[in-house]
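Respectively, the protein sequence lines represent chains A and B.
Quick note on this note's numbering: the first sequence kicks off at 1 and runs consecutively.
Quick note on this note's numbering: the second sequence kicks off at 1001 and runs consecutively.
Working notes, structure below.
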Amino acid sequence: MSASAMESPLAPYRVLDLTGEKGFLCGRILGDFGADVIKVEPPRGDPGRRIPPFHGGIADLKRSLYWLACNASKRGITLNLQSPDGRAILKALARRADFLIESFPPGYLDGLGLGYGSLSRVNPGLIMTSITPFGQDGPWPDYKGCDLALWALSSYLYVTGDEDRPPVMPGLPQAYLHAGLEAASSALVALHHRRLTGEGQWIDVSAHQALAVISLQNQQYWDLARFNPRRAGAFQHLSGVRWPLQRRLWPCRDGFVAFVLFSGRLGAEGNRALTGWMDSEGLAPECMKSIDWSTFDPQGSELTDEEQGLMMEALAAFFKRHTKEELYRTAVERRIVLYPCNTTEDILRDPHLQARNAWTRIDHDQLGATLTYPRPCVRFSDASCDIRRRAPLVGEHNREIYQGELGFSRDDLVLLQRNGII
Amino acid sequence: MRKALDDIKIADFTWYVAGPLCVRYLADYGARVIHVETARRLDGVRKLPPYKDNTPGINRSGFFHNYNCNKLGITLNLEHPRARDLAAALVRWADVVAESFGPGVMDDLGLGYEAVSRIRPDIIMISLSSKGQTGPHASLPAVGMHLAALSGFMEITGWPDRDPSLLYGAYTDSIAGRFGAAALLAALDHRSRTGRGQHIDLSQYEAGLQFLAPPLIDCASSGRVLGRNGNRHTFAVPHGVYPCQGDDRWCAIAVFTDGEWAALCRTMGQPSWIDDDRYATFLSRKSHEEEVDRLVARWTAEHTAEEVMATLQAAGVSAGLVATAEDLHRDPQLKARQHFTALEHPEIGRSTYDSLGSRLSRTPAGLDRAAPILGQDNYHVFTQIFGLSDEEFADLAGQGVFD
């Protein structure tokens, strides 16, 4: 059966997606799983449509690649929640929805009479997911939580970056991608409960907590060993081991590779192969050649500090001579556990991803372009998970939903539009 | 109180990070999990710090603990034929089989999808691997840092004039683990309607790419390659991490609007900067970004990170102190939301576990049980759940079935 002919795992469900940039990904994931996701935007378009990068580098509401990527697999309508008509329409939509996702500041929807209390009276089975920086309660619900501040508070920032400079954030903003993913997973937990009981519920997602979990063993370093891991550039600090500072990223001829000497079966085969390869170029020091890799323990006592230093220097010199592509190709052949630090360009060229059909081309009629997206990462053997459609234009499905489903007439739509309601 | 997933049973063959994390997500929401290990080939994170009191030991690693709480822990030497019978009983018991070995390993153990679906036709199996079950590079092993490098995160993290900075821990494992939980829940819903199970192939590499979709789409269409940019942001100035009083103390500050800039200037006691030609507009701030950074840093250096955060947040500016591991444990928001829970462990005593980032109003997650020491629940699981007599259990133990 072809993927498109398979049933989608979430085919029966309807999602109302009221989120801004703090929650886009949740609806995208549910949409890829086959739910009918309707993005509800303010009449002038979601502010997230202004987030770069833009297609062709041209700032335009239609061209935000960030918005397009996060809002694929959704239909789109406009609705002004500030107006009484808009609120009545939202309730009508909520009555026929299974999920509602929102990322307004805590209390905002309540203030409009659209909080969980009101909506659950309209539809007791509704699963409402609220995504906020710090959650709905505690001392900080009204604090502003931009990406950088959340990374800082999660402790992830403190352990990332060079020792002689301020801590640094992971690449580009993605705190709310983690929060959106957490929101999708938890919404499906609630769906399971509803299937058994008929009850909906309210889910309170805190981006702060979603990120704190990501630095997992960090909090336990303090709890168990009273140790504060610190940033060390390309190195990682460990505690309770003999060589606490381990280099993990190594410069090579045209970039960087990730490598660390492992013990055990994972290390034995690859370390032996790497030593052989280095030796063939005259770069393996004697101490390295004499190691019995099958019993090697990098923290064990067989090496002196000096030998350990020599081995690290030799590795650095060896990697410097080769490109990341050479190193990775040979690593795959000889089972050396070494990986390139890929650029976005390297990723697009990776033959492994191509062989796995990991890209999909999506037609964007509004741009006169076909864009290449990473395909969703979940592959079901007996159900489909894919990008269902390109992200909607502002109000693209107003007629489909308002006329086709809610039964408004064409004249009603004109009125709603003139009054700034849709 | 009932938990949402009370009726779901999971046979958990995963190890390292992504797989255990995926299963723990469901366990926290109530799924009953039997986690299978073997002493003959230990889960690598049992041998990684942090260890309780810095004393290494396979039952002392917080790294292992935080991913494996709320699970029953058993050991099975799957190379032993009788262990395979018990594994089959485990599969028959389960709704879900989770594994995170390299492609083909479960097949070799007689527990590939074909085999487990013969044992239980509606089984849902997830294989959470580094690069997926297929493809030319699938069989090369990897851990989190390799995959964060492969999926592009290392290359874009750090300073433009420096080498990339290492991303801590197992960054893409967290992404893949949560995607895995969502995928399993979707498959369970699908099964409830169709009666059919299935196999899920989840590549951690591809999970990571979901978070880099915008620059990947951009690179494919325009050739633009995303580089390192420190803490700079395309549409916020200042946007950085600023030094505060104390040793290696910092506060992150981000200003997106003119209103936030005005609030920052008033908080810094410099109202004249609000209308200063050099800083009054976004574009002027962007063109004086280094100078703006210096001015902000001069002010933050006179205060503690806690003060900077509190006064700026009170003024409506996004700010967050750069927390150390120790700071996490005194974060008032995490405390109020009961993010951390202490659980009693048979070998290391009380230790702290994270909770999830989501709270369900009717069926909240909960932490009930510390991670097991190796083989802790063998007797209970095999005699109470799988019905072995005491004699059979002792006999099999003597044969090395539970090694």
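Glycine included, each C-beta is placed from N, C-alpha and C at the ideal position.
Owing to the predicted nature of the structure, the values given are computational and were not obtained by experimental measurement.
6 Å CB neighbourhood of residue i in its chain, flanking five on each side removed
i                  : result
Arg410 of chain A  : none
Ser4 of chain A    : Per-residue confidence for Ser4 of chain A stands at a pLDDT of 48, beneath the threshold of 50, marking its modelled position as unreliable; no derived number is given.
Pro1372 of chain B : Gly1073
Phe1382 of chain B : Leu1388, Phe1393
Glu21 of chain A   : Gly48
Proximal chain B residues relative to residue i, where beta-carbon distance stays under 7 Å
i                 : result
His55 of chain A  : Ser1221
Trp202 of chain A : Ser1361
Val189 of chain A : Ala1004, Leu1005, Tyr1029, Leu1185, Leu1360
Tyr158 of chain A : Val1322, Ala1323, Thr1324
Phe33 of chain A  : Ala1186
Ala143 of chain A : Going by the sequence as given, residue 143 of chain A is Tyr instead of Ala. By Cβ distance, chain B contributes Gln1313.
Neighbourhood of residue i by C-beta, 8 Å cutoff - its chain only, sequence neighbours within 5 removed
i                 : result
Ser2 of chain A   : Note that Ser2 of chain A has pLDDT 47, beneath the 50 cutoff, so the model's placement of it is unreliable and no number is given.
Ile291 of chain A : Asn271, Thr275, Glu302, Leu303
Three-state secondary structure (DSSP) of residue i
i                  : result
Gly1019 of chain B : helix
Val1255 of chain B : coil
Pro1271 of chain B : helix
Ile362 of chain A  : strand
Leu245 of chain A  : strand
Lys289 of chain A  : helix
Arg321 of chain A  : coil
Cys1069 of chain B : coil
Cys463 of chain A  : The structure shown has nothing for residue 463 of chain A, since chain A only spans 1 to 422.
Gly1180 of chain B : helix
Thr343 of chain A  : coil
Pro84 of chain A   : helix
Leu1188 of chain B : helix
Ser1221 of chain B : helix
Phe262 of chain A  : coil
Gly1349 of chain B : strand
Asp17 of chain A   : strand
Within chain B, partners of residue i - CB distance below 8 Å
i                 : result
Phe319 of chain A : Within 8 Å Cβ-Cβ: nothing; Phe319 of chain A doesn't reach chain B, min ~12 Å.
Thr372 of chain A : Leu1216, Ile1217, Ala1220, Ser1221
Tyr66 of chain A  : Pro1214
Residue burial classification, residue i (beta-carbon count within 10 angstroms, cutoff 16)
i                  : result
Met1268 of chain B : buried
Pro1214 of chain B : buried
Ala1062 of chain B : Before going on, a small fix: residue 1062 of chain B reads as Gly here, not Ala. Per the 10 Å Cβ criterion, buried.
Phe262 of chain A  : buried
Ile127 of chain A  : buried
Asp17 of chain A   : buried
Ile1348 of chain B : buried
Ala59 of chain A   : exposed
Pro167 of chain A  : buried
Asp36 of chain A   : buried
Phe134 of chain A  : buried
Lys320 of chain A  : exposed
Lys74 of chain A   : buried
Met288 of chain A  : buried
Amino acids of chain A, ordered along the chain, whose beta-carbon sits closer than 8 Å to that of residue i
i                  : result
Lys1286 of chain B : Simply none; closest approach about 13 Å.
Val1225 of chain B : Thr343, Thr344, Glu345
Lys1009 of chain B : Chain A residues near Lys1009 of chain B: none, gap ~13 Å exceeds 8 Å.
Asp1053 of chain B : Leu224, Ala225
Contacts around residue i, its chain only, beta-carbon distance under 7 Å, and the 5 residues preceding and following it disregarded
i                  : result
Asn1229 of chain B : Pro1160
Tyr1242 of chain B : Trp1250, Cys1251, Ile1253, Val1296, Ala1297, Thr1300
Arg247 of chain A  : Ala234, Phe235, Met312
Ala1483 of chain B : Lying before the first or after the last residue shown, residue 1483 of chain B is absent from chain B, which here runs from 1001 to 1403.
Chain-ordered chain B contacts of residue i [CB-CB under 9 Å]
i                 : result
Val122 of chain A : Per Cβ cutoff of 9 Å: no residues; Val122 of chain A is ~17 Å from chain B at best.
Asp459 of chain A : Limits of chain A in this structure are 1 at one end and 422 at the other, which puts residue 459 of chain A out of reach.
Gln209 of chain A : Gln1333, Leu1334, Arg1337, His1339, Asp1354, Ser1355, Leu1356, Gly1357, Ser1358, Arg1359
Residue i: contacting residues in chain A (beta-carbon distance under 7 Å)
i                  : result
Pro1332 of chain B : Pro139
Phe1179 of chain B : Leu181, Cys377, Val378
Practice prompt. Specify whether the region 1097–1117 of chain B and the region 1143–1156 of chain B touch according to this definition: at least 3 beta carbon pairs, one from each stretch, less than 8 Å apart.
Written response: no
Item to complete: Decide if the region 101–121 of chain A is in contact with the region 1266–1282 of chain B; the criterion is three or more beta carbon pairs, one per stretch, under 8 Å apart.
Response: no
Practice prompt. Answer yes if the region 1093–1101 of chain B comes into contact with the region 1389–1403 of chain B, meaning at least three C-beta pairs across the two stretches below 8 Å, and no otherwise.
Written response: no
Discussion item. Is it the case that the region 1036–1046 of chain B contacts the region 223–232 of chain A, given that we only count it when at least three CB pairs across the two stretches are under 8 Å?
Written reply: no
Worksheet item: Are three or more beta carbon pairs between the region 1045–1061 of chain B and the region 1088–1097 of chain B nearer than 8 Å?
Response: no
Worksheet item: Can at least three beta-carbon pairs, one atom from the region 174–190 of chain A and one from the region 1348–1358 of chain B, be found at a separation below 8 Å?
Response: yes
Practice prompt. Mind the definition here: the region 399–409 of chain A touches the region 52–66 of chain A only if three or more C-beta pairs lie below 8 Å; say whether that holds.
Written response: no
Worksheet item: Three or more beta-carbon pairs under 8 Å between the region 1165–1174 of chain B and the region 1217–1227 of chain B, yes or no?
Response: no
Worksheet item: Touching or not, the region 192–199 of chain A and the region 1333–1350 of chain B, by the rule of three or more beta carbon pairs under 8 Å?
Response: no
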